[in-house]
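Structure record follows, encoded as structure tokens.
Residue numbers (UniProt numbering): 1 to 489.
Here it is in structure tokens:
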């Protein structure tokens with residue numbers, strides 16, 4: 001088909017099912033993934049020399065993980081596969097990436113973003129010290145290397161991933177001291193109807209909690225984190241306040257924190273896609289038509305990079321985005337692979353499944369709400385941006401004395417979001433702090449612009465292709481209120 005060079009970013013559940021659908025239609029898509037092997041974060045594969053079984057690695061999701069891995073292996077010879085490859089820019093229908101220090105430029109006609117999600121974090125006093133991890137980081141250590149992040153581990157935050165990772169650590173034999181959840185029983189009741197949309201997932205969560213109780217793990221709900229204690233060696237404990245006002249101290253040498261996940265959207269931003277602010281999740285989310293199309297022609301999105309609905313939903317969304325792409329390439333193309341009635345039935349089936357997953361996702365957000373009030377209660381000395389070690393007080397001061405009441409202006413004055421993560425982990429907290437200090441709403445405060453390179457580039461890439469420096473923009477921000485100009489790197 002003319003104009004049918006397709007690039008898929010990501011080889012998780014959404015990316016694999018998208019690629020599989022395109023292969024079935026006769027295309028040879030390019031699949032780019034940061035990891036050495038396909039599967040994504042949830043179905044991350046162990047190194048080749050590791051021999052742990054699927055049941056050990058994935059528990060109740062073992063069959064799904066194995067099915068996805070087998071599908072990926074079957075189509076690997078029918079796609080152009082780039083593992084261990086990091087994308088740092090997308091511009092003028094060219095994907096700029098590097099693989100083992102070698103720069104790559106991959107042209108495309110259509111692109112499908114299956115970029116997944118990252119940990120959504122909440123700054124807690126002391127979280128910048130050694131021994132403090134995100135839930136995702138703790139899970140990677142266990143899944144990929146079979147290692148615990150510490151000898152005595154505490155888990156703190158909210159959301160289903162909190163209980164899943166804690167349970168995985170208990171099952172692996174780690175000494176889990178406690179699970180501290182900011183959500184309350186009342187919150188769980190609010191989300192119950194939505195959670196019943198996927199009863200198996202609900203029962204799995206209850207099973208995790210029961211097994212941890214049996215293993216002697218202390219489970220607390222409705223807590224307020226106070227601080228992560230540390231000494232010269234790193235983390236040495238966690239302090240939290242219970243709903244009755246009592247403070248508890250838990251001794252541990254490692255802590256993993258996380259408050260749900262958030263979509264990874266920086267490439268979509270570079271491509272000029274539209275976003276809308278979602279009041280319930282308190283996040284800027286990518287706009288799609290419900291079938292994978294974004295606001296930019298020939299740019300599609302599927303999976304948790306669009307909305308956090310989980311792996312099952314991501315597989316459906318990947319297939320759906322592929323079908324939409326095929327229709328947009330050539331409306332008659334589907335006749336070559338399936339009848340119109342079959343195509344329509346398949347699309348309706350997946351749309352129906354996604355509707356159920358969305359109900360479940362809504363239930364999760366209600367059952368485990370983002371504790372926005374905690375941001376307002378951060379002390380001035382609490383580190384918000386760990387890359388640049390920017391404290392909450394510095395952000396508030398920039399609003400008060402420099403009128404930094406817009407998130408990109410705040411970045412210019414304070415360097416928050418300028419570090420290695422490029423705002424992935426701090427932008428949502430910075431935005432809330434600015435809104436609170438300036439008395440503006442989130443729409444006014446805005447969304448941090450993504451800029452290339454969205455991820456750090458190895459020096460080797462510059463050495464092989466020094467002209468890359470010309471692709472890195474310098475944005476000049478002009479404040480119309482006073483004519484001041486500042487440079488954002």
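For every residue, glycine included, the Cβ atom is placed at its ideal position computed from N, Cα and C. Treat the numbers as computed from the prediction; the structure is a model and nothing was measured.
Per-residue DSSP class, three states only, for residue 87: Strand.
Closest by C-alpha distance to residue 56, when choosing among 430, 171, 186, 356: Residue 56 has its Cα closest to that of 171, out of 430, 171, 186, 356.
Does the beta-carbon of residue 481 have 16 or more other beta-carbons within 10 angstroms, so that it is buried, or is it exposed? With a pLDDT of 43 at residue 481, under the threshold of 50, the modelled position of this residue cannot be trusted; read the value that follows with caution. Looking at its Cβ environment, which holds fewer than 16 other Cβ atoms inside 10 Å, residue 481 is exposed.
Limits of the alpha helix (DSSP H) - the one that residue 73 falls within: Where residue 73 is concerned, the enclosing alpha helix (DSSP H) starts and stops at 62-75.
Can the beta-carbon of residue 257 be found less than 8 Å from the beta-carbon of residue 346? No, these two residues do not count as a Cβ contact at 8 Å.
Taking the C-alpha atoms as reference points, what is the distance between residue 310 and residue 401? Taking the straight line from one Cα to the other gives about 43 Å.
CB of residue 362 within 8 Å of CB of residue 216, strictly: Not in contact: residue 362 and residue 216 (Cβ atoms no closer than 8 Å).
Cβ-based burial, residue 15 [other Cβ within 10 Å; buried from 16]: In summary, residue 15 is buried, with 16 or more beta-carbon neighbours lying within 10 Å of its beta-carbon over all protein chains present.
C-alpha gap between residue 9 and residue 323, whole angstroms: Roughly 17 Å separates the two Cα atoms.
Proximity below 8 Å, CB of residue 275 to CB of residue 286: Yes.
Distance between beta carbons of residue 371 and residue 98, contact taken as under 8 Å: With 8 Å as the limit, residue 98 and residue 371 do not qualify as a contact, their Cβ atoms being about 38 Å apart.
Which runs of the alpha helix (DSSP H) spanning at least 4 residues fall entirely within the region 338-383, listed in chain order? Annotation note: the region 338-383 contains the following uninterrupted alpha helix (DSSP H) runs of length 4 or greater, listed N- to C-terminal: 340-367, 373-376.
Excluding the 5 residues flanking residue 411 on each side, which residues of the same chain have their C-beta closer than 7 Å to its C-beta? When the five nearest sequence neighbours on each side are left out, the beta carbons in the same chain lying within less than 7 Å of the beta carbon of residue 411 are those of 417, 418, 448, 488, in order along the chain.
Would you check if the distance between the CB atom of residue 100 and the CB atom of residue 84 is smaller than 8 Å? The answer is yes: Cβ separation under 8 Å.
State yes or no: is the C-beta of residue 294 within less than 8 Å of the C-beta of residue 316? Not a contact, by the Cβ cut-off of 8 Å.
Could you check whether residue 113 and residue 267 sit closer than 8 Å to each other, using their CB atoms as the reference points? Residue 267 places its beta carbon less than 8 Å from that of residue 113.
Identified DSSP bridge partners for residue 262: 118, per the DSSP bridge assignment.
Grab me the residues of residue 19's own chain with a C-beta within less than 7 Å of its C-beta, minus the 5 sequence neighbours each way, in chain order. Hits under 7 Å: 8, 29, 31, 75, 79.
At the level of alpha carbons, what is the spacing between residue 368 and residue 103? Straight-line Cα distance between these residues: approximately 42 Å.
Beta-bridge pairing of residue 113 - partner residues as DSSP gives them: Bridge partners of residue 113: 9, 301.
Is it the case that the Cβ atoms of residue 433 and residue 404 are separated by a distance below 8 Å? No, Cβ-Cβ distance for residue 433 and residue 404 is not below 8 Å.
May I have a chain-ordered list of the beta strand (DSSP E) segments no shorter than 3 residues that lie completely inside the region 221-279? Listed in chain order, the complete beta strand (DSSP E) runs (minimum 3 residues) inside the region 221-279 are 224-231, 234-241, 247-251, 254-259, 261-263, 275-278.
When DSSP labels each residue in this structure, what does residue 196 get in the three-state scheme? Correct three-state label for residue 196: coil.
Per DSSP, the bridge partner or partners of residue 284: 277.
Per DSSP, which residues does residue 329 bridge with? Please list them. Answer by DSSP bridge pairing: none, since residue 329 is not bridged.
Neighbourhood of residue 212 by C-beta distance below 8 Å, restricted to the same chain and skipping five residues each side: Once the five neighbours on either side are set aside, the close Cβ partners of residue 212 are 163, 166, 167, 170, 176, 179, 219.
Please classify residue 280 as buried or exposed, where buried requires at least 16 other C-beta atoms within 10 Å of its C-beta. Residue 280 counts as exposed, since fewer than 16 other C-beta atoms from the protein chains shown sit within 10 angstroms of its C-beta.
Neighbourhood of residue 201 by C-beta, 8 Å cutoff - its chain only, sequence neighbours within 5 removed: Within the same chain, Cβ atoms closer than 8 Å to the Cβ of residue 201 are found at 160, 195, 310, 360, the five residues on either side in sequence being excluded.
DSSP puts residue 103 in a beta bridge; with which residues? Answer is 98, bridged to residue 103.
Using the rule of at least 16 other Cβ atoms within 10 Å of the residue's Cβ for burial, across every protein chain shown, is residue 33 buried or exposed? Under this definition residue 33 is a buried residue.
Measuring alpha carbon to alpha carbon, tell me which residue in 306, 153, 301, 314 is nearest residue 236. Per the Cα distances, 153.
For residue 430 and residue 407, I'd like the C-alpha separation in whole angstroms. Residue 430 and residue 407: Cα-Cα distance of roughly 7 Å.
Presumed contact (8 Å Cβ cut-off) between residue 46 and residue 143, rounded CB distance: That belief holds up - the Cβ atoms of residue 46 and residue 143 are roughly 7 Å apart, short of 8 Å.
Which residues DSSP lists as bridging residue 515, in chain order: Because the chain here runs from 1 to 489, residue 515 falls outside it and cannot be looked at.
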